[in-house]
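These protein sequences, in sequence, are chains A and B. All residue numbers for the first sequence refer to the numbering used here, where the first residue is 590 and numbers rise by one. All residue numbers for the second sequence refer to the numbering used here, where the first residue is 97 and numbers rise by one. Everything on this sheet refers to the single structure shown next.
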Amino acid sequence: MGEKPDVWQGTLALMVLRTLETLGPLHGYGMARRIEQTSGDQLQLNYGTLYPALLKLEQEGFIRSHWGVSDNNRRAKFYELTKAGQRQAKKAAAEWEQTSEILARFLNPAEEA
Amino acid sequence: MPKLRAFWIRLAGFFTPGHKQSDFDDELQSHIEMHTEDGIRAGLTPQEARRQAVIRLGGVEQTRQVIRERRGLPWLESLLRDIAYGLRTLGKHRGATAAAILSIGLGIGANATIFSMVSRFVLRPAPMGDPSTLLTLYTTHDGGQCCNHFSYPVYADIRDQAKSFSGVAAYNELIPASINGSGEPERVWGQAVTSNFFTVTQLPMLLGRGFVSGEENAQEIVLGAGLWRRRFNSDPLIAGKPVTLSGHPYTVVGVASPAFHGVDQILFTEFWVPLGNAPVLAASLPNPSDRGQHYLVVVARLNPGVTQQSASAELKTLASRFAKSYPATDKDIGFASDQSGSLPPRERSAMLIFFAALSVVVLLVLAIAGANVANLLFAQAAGRQRDMAVRLALGATRGRLRRQMLLESTLLGFGGGILGVVLSLWSTSALSRFRLPAPVPLDVSIGVDWRVLLYSFALSLASGLLLGLAPAWAASRPMLASALKGEDALARPGRRFTLRNILVIVQIAMSVILLCVTGLFLRSLQSASTINIGFRTDNILMMSIDPGVNGFTPQRSADFIMQLRERVAALPGVVSAVATDIPPLSGGGRSDGFRIPGSPEGPNSWIITELFMATPGYFESLGIPRLAGTDFGSETPTGPRVGIVNQAFVDQVLCGRNPIDAQVDGAGTMFRIIGVVGNVKSRTLGEETRPIMYRSLQQTIANDPSFMGYALLVHTAGNPSSAAQAVRRQIYNLDPNMAIYNEETMEQHIRAAFFLPHIAAALFGTFGFIGLVLAAVGLYGVMSYAVSRRTREIGIRMALGAKPGAVERLVLRQGLVLTLIAVVLGWPAAWMLSKLAASFLYGIQPHDIFTFAVVPPFLIAIALVACWIPARRAASIDAMKALRAE
């Protein structure tokens with residue numbers, strides 16, 4: 590059985606922020622499915638771990654939530670980005686890009702002169 | 097910022113648990129339903145779809161746990177649980193907890209009380225704008241001899257020439273005046289200040305303003321907040337209104353901030369008038385153009401960026417310049433400076449040493465209290481090893497156990513801290529109530545301010561943590577196996593006299609000494625009340641007036657007193673009315689050297705004699721017997737000087753010669769003695785009988801006036817207080833602006849004379865009590881520890897047939913041995929030390945048999961009570977339980 594990588598610490602928050610940034614208000618289940626899809630089913634996301642991350646982001650003021658009705662007429666709790674969340678999404682994305690760029694240099698070292 | 101926001105939300109969540117959790121359950125529910133629906137849509141059976149949904153969600157309970165912790169603050173919850181557990185544990189050992197809190201409380205209370213003095217006199221800055229740049233200047237003389245006031249010309253030269261200061265102000269420290277307002281006139285003390293005083297000190301004003309330039313001589317006044325409240329009903333529109341000060345109209349310009357009673361924080365003054373106007377109130381002020389008259393205090397505001405050092409250097413330059421320009425007055429002059437509001441330089445080092453010594457003593461008291469409580473905790477820790485071992489075996493970490501123990505001792509520390517603060521609230525207010533017998537108004541009240549609270553908090557925390565360290569460390573590392581079996585894992589084979597025992601013996605011995613001294617002072621207080629003071633104390637009403645304040649000439653003052661006496665004597669219920677300068681037993685007075693004229697000069701030829709003024713009838717009114725000669729009559733200031741002396745004067749100055757018509761030399765003035773009266777106590781209760789010379793008030797008032805006013809003594813037929821209103825009315829009829837002060841009956845006055853025996857008894861009573869409590873707690877702790885160590889031994893004894901009574905006696909005997917050793921050591925020490933207290937005792941011997949006989953049995957009784965609690969516990973040991981763990 591092929592092991593799928595777990596979600597790395599700290600990256601889940603960024604994934605949530607980015608997902609909400611592109612798709613707008615979304616409930617937890619939809620978000621979990623979307624993250625799996627976006628990763629091309631490469632990530633094994635334990636859906637339960639999503640909720641503590643959502644609570645943390647909400648407590649920090651980056652997202653807010655309200656109860657609404659889903660596409661299939663079900664009651665669900667929807668999350669959306671706040672102003673601070675939009676700023677944070679951009680900031681975290683930029684930071685992550687920089688980190689991965691640096692790491693990339695180690696993984697593919699340039700030819701020695 | 098987001099982290100902080102999250103913290104507050106979680107803190108709020110901690111206080112409102114419950115409904116949020118059901119919200120999350122709803123969310124999970126909707127998640128599962130949506131997932132199931134998708135599964136069904138993909139072709140799974142409803143059961144299978146639901147199974148998949150739950151599996152993909154993962155451990156629901158774990159998630160819920162994470163969410164719960166994330167909502168609240170888990171560490172806070174576990175801390176509160178530990179505190180609750182700690183409180184329960186402490187509650188279970190009520191006796192030990194009470195003893196521990198009481199002794200730490202006494203220790204912290206003593207520290208907080210002493211520290212409130214330090215805070216008040218050393219740390220508190222003056223309530224003026226930026227106290228750090230305000231300096232009080234002093235002049236020094238003869239090469240750095242500290243410290244004198246300034247003359248006006250020297251002040252003016254510094255003000256005009258010094259470049260270090262943005263402003264220099266001066267004031268005269270004390271001016272008495274009578275002030276009107278609501279009710280009868282009142283005598284108050286104020287200061288005369290230069291017009292820039294309020295600008296230089298940057299004093300915040302409650303109302304109106306301070307003086308401004310151009311008001312040097314204005315008849316204007318700034319009121320103290322207390323005076324404004326008391327006399328003018330806190331009139332918010334008082335600025336601009338007139339008030340009457342010693343009969344002169346003054347315009348109020350402002351009210352000073354409530355905390356301000358004068359720059360130096362010890363004198364208590366309540367009004368400020370311009371210096372140039374001060375001669376209206378105090379005619380005796382020196383001439384401002386005289387460079388040799390030092391009567392002003394100078395305060396200076398440093399320019400921004402100028403340090404005290406560079407200012408001192410400039411002042412030094414100025415001093416040498418003055419010395420050259422004015423050699424007659426300014427030779428060897430120098431200037432010193434100090435931050436305003438700090439202790440006066442002359443008394444500072446003595447007071448600092450006093451405070452430091454007191455602080456060391458009370459810290460020592462706290463250390464002893466702490467050692468006792470540590471003993472007690474150690475005894476408990478020994479008893480709790482089973483408990484600890486079980487918790488360790490069940491998986492609690494040692495760190496967790498240590499935290500628990502530390503938490504308990506910290507709780508004890510805080511309990512003691514709270515008790516200590518309460519005690520210090522009481523003790524500071526009791527200390528502030530003691531009126532210092534000083535002729536000028538002083539504010540030496542102390543209180544518990546934020547610095548004291550902070551200090552007490554730190555002390556409680558520190559003592560709580562220190563107390564818990566050793567027991568916490570020891571209790572959290574019992575040998576698991578042996579502790580579970582009930583063996584004492586802390587016990588070490590010990591010597592018979594451990595440090596613990598020696599500490600207790602020293603404490604009890606010291607408390608023997610303290611109790612003996614306390615007993616002596618209590619006995620002294622008792623016998624002081626039987627001292628024969630030599631004059632009548634019942635049915636005498638006293639009131640003081642100071643006509644000089646209202647600008648009366650001495651002759652007018654004398655006439656005023658004469659008229660007043662006649663009018664008061666005519667009142668119904670009044671037997672007689674007489675006057676003096678200072679009532680006897682006022683703590684101080686005037687004195688001079690007397691001798692027989694022509695006797696050879698020698699170191700002992702002048703006998704120090706107390707001086708009192710008296711009017712005709714004074715001796716009859718006070719019930720002082722006349723032994724020979726006559727009373728005063730109608731003496732005049734220009735007539736030959738006469739005097740009446742007491743028996744001690746006849747014995748000591750005249751050496752028993754016939755006193756009547758004898759001439760005596762009083763520091764150069766010749767007196768003819770016309771009468772002899774009985775001895776009275778003149779200044780204090782404890783004094784040896786002193787020679788006294790009474791002079792005629794009519795004759796003396798002109799050329800030797802009293803600076804503290806005159807006292808009218810009214811002998812009444814009935815209750816003296818009920819005559820007060822009528823007597824006051826007579827004074828106001830003569831002059832409505834005359835302020836009356838020191839109104840009291842002779843009985844109240846005598847009570848104040850008991851100040852010394854009272855305060856000695858109160859102080860030593862307190863110390864004796866603290867010492868006794870500490871020693872008792874110490875003994876209790878040691879005996880508790882001994883019992884807890886010997887639990888199994890006692891169990892074996894009881895299993896072998898020992899009766900509970902015998903076990904009780906076993907423990908009591910051990911405690912009694914410690915106590916007896918201490919008494920044997922302490923009693924002779926107390927016997928020797930009591931001689932030091934001899935000069936403070938009234939009417940009893942330092943080796944007072946009663947005291948020394950009562951203290952040892954009393955102490956042994958207390959010791960028995962302290963040992964009785966652990967002894968009872970030892971006797972109630974269940975032999976089976978104690979041995980079952982074998």
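Beta carbons are placed, not taken as given, at the ideal position from N, Cα and C, and that holds for glycine.
Which word fits residue 606(B), buried or exposed, when buried means at least 16 other C-beta atoms lie within 10 angstroms of its C-beta? To locate residue 606(B), count along the second sequence from 1; it is residue 510. Burial of residue 606(B) is indicated by the presence of at least 16 other C-beta atoms within 10 angstroms of its C-beta.
State the Cα-Cα distance for the pair residue 803(B) and residue 955(B), rounded to the nearest angstrom. Residue 803(B) sits at position 707 when you count from the first residue of the second sequence. Residue 955(B) sits at position 859 when you count from the first residue of the second sequence. C-alpha separation (whole angstroms): 52 Å.
Helix, strand or coil at residue 471(B) [DSSP, three-state]: Residue mapping note: residue 471(B) aligns to position 375 of the second sequence, counting from 1. Residue 471(B): helix per DSSP, three-state reduction.
May I ask you to list, following chain order, the residues of the segment 128-146 of chain B that have a beta carbon less than 7 Å from some beta carbon of chain A? Per Cβ criterion, the list reads 129, 130, 131 and 133.
With a cut-off of 8 Å, does the C-beta of residue 152(B) fall near any C-beta of chain A? Sequence index remark: in the second sequence, residue 152(B) carries index 56 (1-based). Cβ-Cβ to chain A under 8 Å: yes for residue 152(B).
Which residues share a DSSP beta bridge with residue 669(A)? As a first step, residue 669(A) is located in the first sequence; it is residue number 80 there, counting from the start. Per DSSP, 653(A).
Taking only the alpha-carbon atoms, compute the straight-line gap between residue 947(B) and residue 733(B) and give it to the nearest angstrom. By one-based count along the second sequence, residue 947(B) stands at place 851. By one-based count along the second sequence, residue 733(B) stands at place 637. Each residue's alpha carbon lies about 55 Å from the other.
For the alpha helix (DSSP H) holding residue 806(B), just list the boundary residues, first then last. Counted from its first residue, the second sequence places residue 806(B) at position 710. First-last for residue 806(B): 806-812, but that is the beta strand (DSSP E), not the alpha helix (DSSP H).
Determine the extent of the beta strand (DSSP E) in which residue 709(B) is found, giving its start and end residues. Start at 1 with the first residue of the second sequence, and residue 709(B) comes out as number 613. Segment 703-710, the beta strand (DSSP E) holding residue 709(B).
List, from N- to C-terminal side, the alpha helix (DSSP H) runs of 4 residues or more that fit wholly inside the segment 222-292 of chain B. List check, alpha helix (DSSP H) in window: 248-257.
Under 8 Å, CB to CB, which of the residues in the segment 637-651 of chain A have a partner in chain B? Residues of the segment 637-651 of chain A with a C-beta less than 8 Å from any C-beta of chain B: 637, 638, 640, 641, 644, 645, 648, 649, 650 and 651, listed in chain order.
Given that a residue counts as buried once 16 or more other Cβ atoms are within 10 Å of its Cβ, and exposed if not, what is residue 602(A)? Sequence index remark: in the first sequence, residue 602(A) carries index 13 (1-based). The residue is buried, with at least 16 neighbouring Cβ atoms inside 10 Å.
Enumerate in chain order the residues of its own chain whose CB-to-CB distance from residue 344(B) is below 8 Å, with the five nearest sequence positions on each side excluded. Within the second sequence, the letter at position 248 stands for residue 344(B). Non-local beta-carbon contacts of residue 344(B) in its own chain, meaning distances under 8 Å to residues more than five positions away in sequence, involve 315, 376 and 377 in chain order.
Status (buried if at least 16 other CB within 10 Å, exposed otherwise) for residue 843(B): Against the second sequence, residue 843(B) aligns to sequence position 747. Under the 10 Å beta carbon count, residue 843(B) is surrounded by fewer than 16 other beta carbons and is classified as exposed.
Could you spell out the range, first to last residue, of the alpha helix (DSSP H) harbouring residue 423(B)? To locate residue 423(B), count along the second sequence from 1; it is residue 327. 423-426 is the span of the alpha helix (DSSP H), which, as asked, contains residue 423(B).
Entirely enclosed beta strand (DSSP E) segments - the segment 746-814 of chain B, minimum 3 residues: Whole beta strand (DSSP E) segments, 3+ residues: 759-762, 765-773, 788-792 and 806-812.
If we ignore side chains and look at the alpha-carbon of each, how far apart do residue 275(B) and residue 342(B) end up? Residue 275(B) sits at position 179 when you count from the first residue of the second sequence. Residue 342(B) sits at position 246 when you count from the first residue of the second sequence. Rounded to whole angstroms, residue 275(B) to residue 342(B) spans 6 Å at the Cα level.
Would residue 701(A) be called buried (16 or more neighbouring beta carbons within 10 Å of its own) or exposed? The residue you call residue 701(A) lines up with position 112 of the first sequence. Residue placement at residue 701(A) is flagged as unreliable, the pLDDT there being 48, under the threshold of 50; the coordinate-derived value follows with that caveat. Exposed: under 16 other Cβ atoms inside 10 Å.
For residue 196(B), the first and last residue of its enclosing alpha helix (DSSP H): As a working note, residue 196(B) is residue 100 in the second sequence. Secondary structure note for residue 196(B): its alpha helix (DSSP H) is the uninterrupted segment 190-214.
When DSSP builds the beta bridges, which residues end up paired with residue 688(B)? If you number the second sequence from 1, residue 688(B) lands on position 592. Beta bridge pairing from DSSP links residue 688(B) with 705(B).
Would residue 682(B) and residue 691(B) be called neighbours here (beta carbons separated by less than 8 Å)? Within the second sequence, numbered from 1, the residue matching residue 682(B) stands at position 586. Within the second sequence, numbered from 1, the residue matching residue 691(B) stands at position 595. Result no, Cβ atoms of residue 682(B) and residue 691(B) do not sit closer than 8 Å.
Could you tell me whether the Cβ of residue 635(A) comes closer than 8 Å to any Cβ of chain B? Here residue 635(A) is taken as the residue at index 46 of the first sequence, counted from 1. Output row for residue 635(A): interface = yes.
I'd like the span of the alpha helix (DSSP H) that includes residue 361(B), first residue to last. Taking the second sequence and counting its residues from 1, the one referred to as residue 361(B) is at position 265. Segment: none, residue 361(B) is in no alpha helix (DSSP H) and carries neither H nor E.
Comparing alpha-carbon positions, which option in 189(B), 451(B), 303(B) and 893(B) lies nearest residue 334(B)? Residue mapping note: residue 334(B) aligns to position 238 of the second sequence, counting from 1. Looking at the Cα atoms, 303(B) is the closest of the given residues.
When you compare each of 674(A), 643(A), 631(A) and 645(A) to residue 611(A) by their alpha carbons, which one comes out closest? Stepping through the first sequence from its first residue, residue 611(A) is reached at position 22. The shortest CA-to-CA distance from residue 611(A) to any of 674(A), 643(A), 631(A) and 645(A) is the one to 674(A).
CB of residue 610(B) within 8 Å of CB of residue 864(B), strictly: Mapped onto the second sequence, residue 610(B) falls at position 514. Mapped onto the second sequence, residue 864(B) falls at position 768. It is a contact, given that the beta carbons lie within the stated cut-off.
Other residues of its chain near residue 596(B): CB distance less than 8 Å, five sequence neighbours each side excluded: Taking the first residue of the second sequence as position 1, residue 596(B) is located at position 500. Only 471, 878 and 881 meet the Cβ criterion.
Nonlocal neighbours in the same chain, by C-beta distance under 7 Å from residue 969(B), ignoring five residues either side: The residue you call residue 969(B) lines up with position 873 of the second sequence. Excluding residues within five positions, the ones whose Cβ falls inside 7 Å are 883.
Between the C-alpha atoms of residue 1002(B) and residue 231(B), what's the straight-line distance to the nearest angstrom? Outside the displayed range of chain B (97 to 982) lies residue 1002(B), so it cannot be described from this structure.
Is the distance from the Cβ of residue 287(B) to the Cβ of residue 191(B) below 8 Å? In the second sequence, counting from the first residue as 1, residue 287(B) sits at position 191. In the second sequence, counting from the first residue as 1, residue 191(B) sits at position 95. No, the pair does not count as a contact, with Cβ atoms beyond the cut-off.
For residue 155(B), which residues in chain A fall below 8 Å Cβ to Cβ? Mapped onto the second sequence, residue 155(B) falls at position 59. Against residue 155(B), the close residues of chain A are 637, in the order they occur along the chain (beta-carbon pairs closer than 8 Å).
Tell me whether the beta-carbon of residue 638(B) lies closer than 8 Å to the beta-carbon of residue 840(B). As a working mapping, residue 638(B) is identified with position 542 in the second sequence. As a working mapping, residue 840(B) is identified with position 744 in the second sequence. Result yes, Cβ atoms of residue 638(B) and residue 840(B) sit closer than 8 Å.
Note down, in chain order, all residues in the segment 159-177 of chain B with a beta-carbon under 8 Å from any beta-carbon belonging to chain A. Taking 8 Å as the Cβ-Cβ cut-off against chain A, the residues of the segment 159-177 of chain B that qualify are 159, 162, 163, 166 and 167.
What residues of chain B sit near residue 668(A), judged by a beta carbon separation below 9 Å? Counted from its first residue, the first sequence places residue 668(A) at position 79. Those do not exist, as residue 668(A) stays about 10 Å from chain B at its closest Cβ, beyond 9 Å.
Could you check whether the segment 170-178 of chain B touches the segment 859-875 of chain B, counting it as contact only if at least three pairs of C-beta atoms, one from each stretch, sit closer than 8 Å? Not touching, per the Cβ criterion.
Between residue 855(B) and residue 619(B), how many whole angstroms is the CB-CB distance? I'm expecting something under 8 Å. Indexing the second sequence from 1 puts residue 855(B) at position 759. Indexing the second sequence from 1 puts residue 619(B) at position 523. Their Cβ separation, rounded to whole angstroms, is 16 Å, which puts residue 855(B) and residue 619(B) out of contact at 8 Å.
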